[in-house]
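Trainee: My questions all concern the structure below.
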Amino acid sequence: MAGLPALTDDVLAEILVRVPSSCDLARASAACSSFCRIATSPRFLRRFRSLHAPLPLGVLCPDGAAAFHPAMPPHPSAPAARALALAADFAFSFLPPPARAWLLRDHRDGRFLLDSALAGGSTAFTDVAVCDPLFRRYVLLPPIPDDLAASVQNPYLQCGGDGGLQSRSSEIFLASCGSDAGGEEPLFAVIWMACCRGKLVAFFFSSESQQWRALSPPEHYALSTRRVMGVRLGQRNHAHGCFYWMITLTHRWLVLDTRRMEFLVVDISPVLSGRAMMFSNQIITLESMDGWTIVVVADVFRSDKRCVLYFYKFMYFSDRWQLQSKINLPEEWGYRFRGIIGASECYLFIKLDHPKQNLGDPVQQNAMYFMFDIKTMQLGRFSEICSGTVSEAYLYTGFPPSQSLPSV
Numbered sequence: 021m022a023g024l025p026a027l028t029d030d031v032l033a034e035i036l037v038r039v040p041s042s043c044d045l046a047r048a049s050a051a052c053s054s055f056c057r058i059a060t061s062p063r064f065l066r067r068f069r070s071l072h073a074p075l076p077l078g079v080l081c082p083d084g085a086a087a088f089h090p091a092m093p094p095h096p097s098a099p100a101a102r103a104l105a106l107a108a109d110f111a112f113s114f115l116p117p118p119a120r121a122w123l124l125r126d127h128r129d130g131r132f133l134l135d136s137a138l139a140g141g142s143t144a145f146t147d148v149a150v151c152d153p154l155f156r157r158y159v160l161l162p163p164i165p166d167d168l169a170a171s172v173q174n175p176y177l178q179c180g181g182d183g184g185l186q187s188r189s190s191e192i193f194l195a196s197c198g199s200d201a202g203g204e205e206p207l208f209a210v211i212w213m214a215c216c217r218g219k220l221v222a223f224f225f226s227s228e229s230q231q232w233r234a235l236s237p238p239e240h241y242a243l244s245t246r247r248v249m250g251v252r253l254g255q256r257n258h259a260h261g262c263f264y265w266m267i268t269l270t271h272r273w274l275v276l277d278t279r280r281m282e283f284l285v286v287d288i289s290p291v292l293s294g295r296a297m298m299f300s301n302q303i304i305t306l307e308s309m310d311g312w313t314i315v316v317v318a319d320v321f322r323s324d325k326r327c328v329l330y331f332y333k334f335m336y337f338s339d340r341w342q343l344q345s346k347i348n349l350p351e352e353w354g355y356r357f358r359g360i361i362g363a364s365e366c367y368l369f370i371k372l373d374h375p376k377q378n379l380g381d382p383v384q385q386n387a388m389y390f391m392f393d394i395k396t397m398q399l400g401r402f403s404e405i406c407s408g409t410v411s412e413a414y415l416y417t418g419f420p421p422s423q424s425l426p427s428v
């Protein structure tokens with residue numbers, strides 16, 4: 021229709037930022053060069069990513085350098101996951117040698133945190149790198165200063181245990197560092213923790229200040245190290261700025277509130293009473309859009325061999341948990357359920373063993389990961405790993421390469 025004014029870039033951006041998902045944006049940007057130019061601009065992408073949830077793209081298995089296993093068809097994220105697998109270097113070959121010394125510790129917002137321990141060196145104080153495997157960039161963090169490191173004495177192992185290159189006596193992970201949506205230099209934070217005899221030691225590093233500082237640890241008898249094996253933290257969960265760990269062999273949570281940079285120990289035994297919590301991946305946290313934290317507890321070791329999921333919610337972790345719902349999983353899943361590896365919106369991502377009739381077939385020993393829709397109770401295949409001995413696996417969420425910006 022002649023005479024109609026052309027849409028300005030600002031108007032087009034307002035239209036494109038309202039598409040429902042990253043997959044829809046990818047299709048829209050392929051319509052014409054103007055859409056593509058706007059949809060790939062850094063300014064637009066920062067705004068789009070702040071308004072849309074990342075996609076579940078695959079499964080990460082730390083094993084020296086991490087292996088990324090993309091989502092499989094017919095999952096809607098499969099095309100974006102395949103593009104990421106082809107474009108990114110998940111072997112982290114761009115990091116300083118030796119490559120086999122680097123161990124994946126965490127990932128968040130497109131950033132990956134790895135550390136390196138040399139043979140015969142410290143399993144606590146390691147070289148730490150924050151990197152971006154898509155853009156093949158990395159930064160090495162400065163070592164923890166001697167005056168802070170002096171407070172760490174005989175830390176207990178948190179992963180590994182054979183004294184080799186995969187053994188670590190620290191818990192180290194990425195945390196949010198405020199909003200950097202308007203800045204050109206991405207900001208990040210790293211938290212380092214160690215469980216020593218009778219105490220927990222923690223340090224905080226900010227990419228903005230380029231300095232380490234000490235955090236005040238909690239004092240609680242649950243962190244006492246009178247047990248023979250010491251204190252070992254379970255799977256780390258996160259929701260609304262708080263990190264949660266099950267303290268092994270207890271019904272207590274270690275909580276780090278990064279909004280206040282404050283540690284607490286929370287007794288959750290009233291909720292877990294009567295349930296055998298053998299593995300830390302029996303409990304996971306989710307974020308709701310209205311600010312609630314959702315906690316999913318998997319009751320697995322039951323006398324009836326069934327697996328039951330309990331859904332609780334709280335606004336603040338010290339509040340009384342409210343039971344929302346209870347889901348009885350299909351009876352045949354009882355002996356196949358091997359934990360929850362992550363959650364995204366209304367989906368849980370779980371590991372199931374193969375049915376018993378396939379246990380003698382090596383091909384059927386692959387680790388299988390499924391997406392479980394908690395609203396419809398439908399189960400769909402998500403990813404597969406060609407190994408039946410995977411001990412650690414984590415859900416990876418992110419954006420397609422075309423909608424990604426350098427994170428370091």
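Offset between the sequence shown (1-based) and the numbering used here: plus 20.
Think of the CB as a built atom: it goes at the ideal place given N, C-alpha and C, for glycine as much as any other residue.
1) Contact defined as beta carbons within less than 8 Å: I believe L177 pairs with T146. What is the distance between those atoms, to the nearest angstrom?
2) Who does Y264 pair with in a DSSP beta bridge?
3) Report the residue from R322, A413 and Y336 whose alpha carbon sits nearest the alpha carbon of R295.
4) In three-state DSSP terms, what is C179?
5) By Cβ distance below 6 Å, which residues in the same chain neighbour V79 in space, the five residues on each side in sequence not counted?
6) Residue range of the alpha helix (DSSP H) that D324 falls in?
7) Roughly how many angstroms lie between the CA atoms of E34 and V221, to the nearest whole one?
8) Closer than 9 Å, CB to CB, is L65 near chain D or not?
9) By how many angstroms is the C-alpha of F223 removed from the C-alpha of L235?
10) Figure out for me which residue from S42, V328, Y332 and P82 has the closest Cα to the Cα of Q344.
11) Please return the same chain residues whose Cβ sits closer than 8 Å to the Cβ of S338, not counting the five positions on each side in sequence.
12) Could you check what DSSP says for P76 in three-state terms: helix, strand or coil?
13) From Q377 to V275, what does the alpha carbon distance come to, in whole angstroms?
14) Pull up the CB-CB distance for A107 and L154, whole angstroms please, since I reckon it's below 8 Å.
15) Check the C-beta distance from G362 over to S300 and give it rounded, since I have them as a contact under 8 Å.
16) Counting C-beta neighbours from all protein chains within 10 Å, is the total for V248 16 or more, i.e. buried, or is it exposed?
17) Can you check which of these residues, H271, P99 and R38, is closest to L71 by C-alpha distance?
18) With DSSP as the reference, label I314 as helix, strand or coil.
Mentor: Per the coordinate set shown:
1) Incorrect: roughly 13 Å between the Cβ atoms, too far for contact.
2) The partner list for Y264 (beta bridge, DSSP) reads N257 and V275.
3) Nearest of R322, A413 and Y336 to R295, Cα basis: R322.
4) Here C179 sits in strand by DSSP.
5) Hits under 6 Å: H89, Y389, S403 and A413.
6) Per DSSP, D324 lies in no alpha helix (DSSP H) segment and is marked neither H nor E.
7) Each residue's alpha carbon lies about 47 Å from the other.
8) Considering every chain present, this structure includes no chain D. It has just one protein chain.
9) Their backbone Cα atoms lie some 5 Å apart in a straight line.
10) For Q344, the nearest C-alpha among the options comes from Y332.
11) So the list reads L284 and V286, once near-sequence residues are dropped.
12) Strand.
13) With a pLDDT of only 49 at Q377, under the threshold of 50, the placement of this residue in the model should not be trusted; the figure read from the coordinates follows. Approximately 42 Å between the Cα atoms of the pair.
14) About 6 Å separates the two Cβ atoms, so the contact holds.
15) So it is not a contact: roughly 13 Å between Cβ atoms.
16) Note that V248 has pLDDT 38, beneath the 50 cutoff, so the model's placement of it is unreliable and no number is given.
17) Among H271, P99 and R38, the Cα nearest to that of L71 belongs to R38.
18) Three-state result, I314: strand.
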